[in-house]
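Have a look at the structure below, then the notes.
Protein chains: 2
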Amino acid sequence: MTITAGAHLNGVDTPTLFATLDAVKAQPEIAKFQFRAENTWQSGTHSRSTISGFFGAGQELAHENPTVVEADHPAVLVGRDRGPTPVEYLLPALAACLTSGVANIAAARGVALTKVTSVVEGDIDLLGILGLGGGAVRNGYEGIRVTFHIEGDADDETLRGIVEQSRRRSAVFDALTNPTPVSIDVVTG
Amino acid sequence: MTITAGAHLNGVDTPTLFATLDAVKAQPEIAKFQFRAENTWQSGTHSRSTISGFFGAGQELAHENPTVVEADHPAVLVGRDRGPTPVEYLLPALAACLTSGVANIAAARGVALTKVTSVVEGDIDLLGILGLGGGAVRNGYEGIRVTFHIEGDADDETLRGIVEQSRRRSAVFDALTNPTPVSIDVVTG
């Protein structure tokens, strides 16, 4: 891989990106991260999460600003629509993950992007979560489709190759397409 | 299942919840939903998604208010920290999904909840997405742990049973623990 373009192509600090890769090669344990969210039930299907602190690069860190994530059900699903449904948040997570990869990979390959947009659609049959599917309908999405529109100073094949490489390196794409172990502990009282 | 308590226990409109179940039983096709997000790349690893319209109950619908989801990388991951990383959004999605189920199921079972909080932790080794894991490190979370604190007018076993039933009916828990087909289309130019 060769750095062929300006240091901040696509707004990516490419020298720092490559320096970070070198630092991780020299000390692989700094790549171990732990992300976190805290959630507090509000009322009905409405809950509020906060994303702030995380562990990474061998230390406790925090985002510059905490992010509040509101989730609820819309009226048609017997909620008060104080925010998207929880399962909807998987869709921007996927789009954003693929898009950040596209920007980084394009910068590393010397491609200047002028536009990257995407639409994500997730089909879900709520017979699953409603317990009315007779075991034949899953709870989650039956399928998710992402459609990218991407423009830049490279040919069609190169632009498609950047999206494909982003897919291969995407944390969210992996988390959705492959099983992740999830444990749930409960403290009562 | 018996409705044993007030119509709005836990802020859940239980009569409407049961009426909705009856409506879906009579007309299962109204349970087919499609959720969507639109994403626009901003700069570097920063992108902005919007969640607004969706299809459900046989019609095009929209949330009362669109929700904007900002995602970026923190400085330690060569971003400008305009929002959480994309993969962090999976954690509030999971907490919120389980929590909305807990409130609904508790209401259906006549249990008044006084507090439901949770912490979600996701361990991820970034050697995967950095392409430095030699194929042995996955891109996504190695594991996710949810810890619930739940209080209400029921014994420990009942409260644990509510969380367990919510897990069994959770869309996000399923989406993370089982594979979801994801397709990616690219339009260039």
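Protein chains in written order, with our numbering: chain A, 131 to 319; chain B, 131 to 319. Every residue gets a Cβ at the ideal spot worked out from N, C-alpha and C, and that includes glycine.
| said: By the 7 angstroms beta-carbon criterion, what residues does the region 244-262 of chain A contribute toward chain B? | reply: If the cut-off is 7 angstroms between Cβ atoms, the region 244-262 of chain A has V246, T247, S248, V249, V250, E251, G252, D253, I254, D255, L256, L257, I259, L260, G261, L262 near chain B.
So, is the C-beta of B:R275 closer than 9 angstroms to a C-beta in chain A?
-> B:R275 counts as touching chain A.
How far does the alpha helix (DSSP H) with B:G264 in it reach, from first residue to last? B:G264: not part of any alpha helix (DSSP H); DSSP gives it neither H nor E.
Considering only residues of the same chain and omitting the five flanking positions on each side of A:P216, which have a CB-CB separation below 7 angstroms? Counting only Cβ-Cβ distances below 7 angstroms, and skipping sequence neighbours, we find A201.
message = For a cutoff of 9 angstroms on Cβ pairs, would you count B:T241 as touching chain A?
response = In the sequence on display, residue 241 of chain B carries Val and not Thr. Among the residues facing chain A, B:V241 is not included, as its CB has no counterpart in that chain under 9 angstroms away.
Exercise for the section: Measure how close the beta-carbons of A:V208 and B:L262 come, nearest whole angstrom, since I'm counting them as under 8 angstroms. Expected result: Not confirmed; about 47 angstroms, so no contact.
Margin query: Is it buried or exposed, B:N140, if we count other Cβ atoms within 10 angstroms and call 16 or more buried?
Written below: Counting Cβ neighbours within 10 Å, B:N140 comes out buried, since at least 16 surround it.
Indicate whether at least one CB of chain B lies closer than 9 angstroms to the CB of A:D283.
-> No, no contact with chain B.
Inset, instruction - Please name the residue, chosen from B:L228, B:F163, B:A149, B:A137, that lies closest to B:H279 on a Cα-to-Cα basis. - result: Selected option, being the one with the closest Cα: B:L228.
Original post:
Taking Cβ positions only, does B:Q157 come closer than 9 angstroms to chain A?
Top reply: Closer than 9 angstroms: no.
### Task
Give me the Cβ distance between A:P309 and B:P309, rounded to the nearest whole Å; I'm assuming they're in contact under 8 angstroms.
That belief holds up - the Cβ atoms of A:P309 and B:P309 are roughly 6 angstroms apart, short of 8 angstroms.
Next on the checklist: Quick check on the burial criterion: 16 or more other C-beta atoms within 10 angstroms. Buried or exposed for B:A149?
Outcome noted: Exposed: under 16 other Cβ atoms inside 10 Å.
Presumed contact (8 angstroms Cβ cut-off) between B:V142 and A:L260, rounded CB distance = By a beta-carbon distance limit of 8 angstroms, B:V142 does not contact A:L260. Their separation comes to about 14 angstroms.
C-alpha distance - A:A305 paired with B:G270, whole-angstrom precision: Cα to Cα, the separation comes out at about 5 angstroms.
Three-state secondary structure (DSSP) at B:A236? The DSSP-derived three-state label of B:A236 is helix.
**Prompt:** Are A:V199 and A:Y219 close, meaning C-beta to C-beta below 9 angstroms?
**Reply:** In this structure, A:Y219 lies closer than 9 angstroms to A:V199 by Cβ.
message: Which residues of the region 168-193 of chain B have a Cβ closer than 7 angstroms to any Cβ of chain A? Give them in chain order.
response: With the criterion set as a beta carbon lying under 7 angstroms from some beta carbon of chain A, the members of the region 168-193 of chain B are E168, N169, T170, W171, S173, G174, T175, S177, S179, I181, G186, A187, L191, H193, in sequence order.
Task: Opposing strand residues paired with A:A205 [DSSP bridges] - done: Residue pairing by DSSP places A:A205 in no beta bridge whatsoever.
task = Closer than 6 angstroms by C-beta to B:T175: which residues in its own chain qualify, once you throw out the five before and the five after it? Chain order, please.
result = Excluding residues within five positions, the ones whose Cβ falls inside 6 angstroms are D202, H203, G209.
TODO: Just tell me which of A:T197, A:G273, A:H193, A:S296 has its CA closest to the CA of A:D255.
DONE: Across the set A:T197, A:G273, A:H193, A:S296, the C-alpha of A:G273 shows the shortest separation from the C-alpha of A:D255.
**OP:** Give every residue of the same chain whose Cβ lies closer than 7 angstroms to the Cβ of A:R297, excluding the five residues on either side of it in the sequence, and list them in chain order.
**Re:** Excluding positions up to five away in sequence, the list reads L228, F303.
If contact is defined by three or more beta carbon pairs under 8 angstroms, each pair taking one atom from either stretch, is the region 232-242 of chain B in contact with the region 278-293 of chain B? Verdict: yes, contact present.
message = So, with DSSP's three-state summary, where would you put B:E194?
response = Looking at B:E194 - three-state DSSP - the assignment turns out to be strand.
Please state whether DSSP places A:T310 in a helix, a strand or coil.
DSSP places A:T310 in coil when its eight states are reduced to three.
**Report entry** Which of helix, strand or coil DSSP assigns to B:V142
**Finding:** Correct three-state label for B:V142: coil.
Along chain A, which residues have their Cβ under 7 angstroms away from the Cβ of B:G141?
-> Around B:G141, the beta-carbon contacts reaching into chain A at under 7 angstroms are S173, G174.
Pick out whichever of A:Q172, A:V293, A:V316 has its Cα sitting closest to the Cα of B:G291. Comparing alpha carbon positions, the residue from A:Q172, A:V293, A:V316 closest to B:G291 is A:V316.
**Prompt:** What are the boundary residues of the alpha helix (DSSP H) that A:R298 is part of?
**Reply:** Per DSSP, A:R298 belongs to the alpha helix (DSSP H) from 286-298.
Let me know if B:S313 comes out buried or exposed under the rule of 16 or more other beta-carbons within 10 Å of its beta-carbon. Exposed, by the Cβ-count rule.
Under 8 angstroms between beta-carbons, which chain B residues line up against A:G319? List them in chain order, please.
Chain B residues near A:G319: E281, D286.
Unbroken beta strand (DSSP E) run spanning A:G282, endpoints: Unbroken beta strand (DSSP E) run through A:G282: 273-282.
**Asked** Interface residues of chain A around B:G304 at Cβ under 8 angstroms?
**Response** Looking at the sequence provided, one finds Asp at residue 304 of chain B rather than Gly. By Cβ distance, chain A contributes G258, R268, N269, G270.
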